[in-house]
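Participant: Let me begin by handing over the structure; questions about it come next.
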Amino acid sequence: MKKTMLFIIVCICNFNISCEPATKKTMKNEWIDSIKMIDYKQIRQSPRILTFVTNGAKIDTNATLKALINFTVNPGNIYKTDGFEILAMYDPQLFNDIIIKNAQIITTEDWEMFASSLRLDKFTEKDTLVLEAIAATIVKSKPENVHYSIVEFLSERGGFKIAKTFSSLLKKNFSNECKYSFVNTMVKFKDEQFDSIVKMYLSPKGYNDTISTAIPFMMDAYERYDLLPELKVFHSNLKNGKIKTTEKTLLGEVEKNISNLEQKKIENAPIGLPLDWPKSGPPCKWSGM
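Here's what the structure looks like:
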C-alpha cells in the first residue's frame, strides 16, 4: 500500500513539473494578447496584467517585449500614453530603453498627455531613470511645441543632474520659454558653471525679457544671497535704463527680492538646494517651496 501511495505521489509531481512550462507559456500568451486589446481601466484592475507589466522577470521573450513596445509606442495605439505611465511607474529601466529608442515616433499629443500625468505627484527625482530618459528624449524629439510641457515638469522636479543636462541644452535650438525653465532650474543649485550662466542673463549684454525676469524670484526662493552683488547691479541697470524691459513691475519686485535675501543672509539660511536633493530631504525650509 505504501509503495502504491509513493508511486501515485511521484506521478503527480512529475505531471505538475511537466505541465508548468506549458502553463507559463499559456499565461504569457494571454498577457501578450491582453496587452494588445485590453481596456486601460481593466489593466489597472487586473492583477495578472499588472503583474506582467510590473515584473521585469516576466519580460524574457522577444514576443513579450514586442507586445509591450506595441502597447507603448506603436503609432495609432490609443493606449500608448497610458503605457508610458505604467512603464515609468513600474519598470523604469524598460521605460528608459523604449522611450529613448523610439523618441522620433512619439507624438506631440503623447508627450503633452504624459507630461500631465507626470504632474500628479507620481514621479520624483528619485525616479532617476525616468527623468533621465525624458531629458534625453527632449533632445531627440522633434516637435518644439511639446518641449515646454516636458521641460517645465523637469524644472519643477529635477535635481542637479537634470540641471546639468539643461545647461548643455542652452546653446541648442530651443525656444526662450524652454530656456527660461533651464535657467530657473540652475538657479536652485550653487555651482560655478550655473552661476556664470545666471550672471550672464542678469547682465545688459545677456538680458532677455523672457528668460531673465524670473531669476530674481528664484534667487529669493532658494536663498541665493551669495549672488546679491550681481542682483544689486541688475537692479541698478534696470533703474538707470541700461537694461530695458517690458515688465513694468520688475523693478519693484527685484527690490523686494533684494530685501528678502539680505534678511536671509542675516539668518544664515542654507544657500540653494543640496546637490544630492531630494535624497537629502525637502527644499530649503526658509523658502516654503
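Going by numbering that gives the first Met the number 0, the sequence shown opens with residue 0, and the numbers climb by one from there. Using N, Cα and C, we set each Cβ at its ideal position, and we do this for glycine too. If you're wondering where the values come from, they're calculated on a predicted model, not measured in any experiment.
Could you check the C-alpha separation between I161 and C177 for me, to the nearest Å?
Facilitator: Roughly 14 Å separates the two Cα atoms.
Participant: From L318 to I196, what does the alpha carbon distance come to, in whole angstroms?
Facilitator: Residue 318 lies beyond the stretch modelled for the chain, which goes from 0 to 288, so this question has no answer here.
Participant: Give the list of continuous alpha helix (DSSP H) stretches no shorter than 4 residues that lie fully inside the region 134-213.
Facilitator: Within the region 134-213, the complete alpha helix (DSSP H) runs of at least 4 residues are 143-156, 159-168, 175-186 and 191-201.
Participant: Would you tell me roughly how many angstroms separate the C-alpha atoms of Q289 and N95, rounded to the nearest one?
Facilitator: Residue 289 lies beyond the range of the chain shown here (0 to 288); nothing can be said about it.
Participant: For E222, count the other beta carbons within 10 Å of its own beta carbon; 16 or more makes it buried, fewer makes it exposed. Which is it?
Facilitator: With 16 or more other Cβ atoms within 10 Å, it is buried.
Participant: Would you tell me roughly how many angstroms separate the C-alpha atoms of G240 and P91, rounded to the nearest one?
Facilitator: Cα to Cα, G240 sits roughly 50 Å from P91.
Participant: When you compare the region 259-279 with the region 177-189, are there three or more beta-carbon pairs, one atom per stretch, that lie closer than 8 Å?
Facilitator: Yes, the region 259-279 touches the region 177-189.
Participant: Return the CA-CA distance between I34 and F159, expressed in angstroms with no decimal places.
Facilitator: Low local confidence applies: a pLDDT of 45 at I34 is under 50, so the model's placement there is unreliable, with the coordinate-based value given in what follows. Their Cα atoms are separated by approximately 37 Å.
Participant: Anyone know if the C-beta pair for F152 and F165 falls short of 7 Å?
Facilitator: No, Cβ-Cβ distance for F152 and F165 is not below 7 Å.
Participant: Work out the CA separation of E155 and T212 for me, nearest whole Å.
Facilitator: If I take the Cα positions, the gap works out to 17 Å.
Participant: Just mark T245 as buried or exposed, buried being the case when its beta carbon has 16 or more other beta carbons within 10 Å.
Facilitator: With fewer than 16 other Cβ atoms within 10 Å, it is exposed.
Participant: Tell me which residues share the same chain as A134 and place their Cβ nearer than 7 Å to its Cβ, disregarding the 5 neighbours each side in the sequence.
Facilitator: Answer for A134: L153, I161 and T164, listed in chain order.
Participant: Tell me where the alpha helix (DSSP H) around G251 begins and ends.
Facilitator: That run of the alpha helix (DSSP H) goes L249 to I265.
Participant: Is the separation between the beta-carbon of P215 and that of N256 shorter than 7 Å?
Facilitator: Contact flag set, yes.
Participant: Would DSSP call D96 helix, strand or coil?
Facilitator: Residue state, collapsed to three classes: helix.
Participant: Mind checking I265: buried by the 16 CB within 10 Å criterion, or exposed?
Facilitator: Flag for I265 reads exposed.
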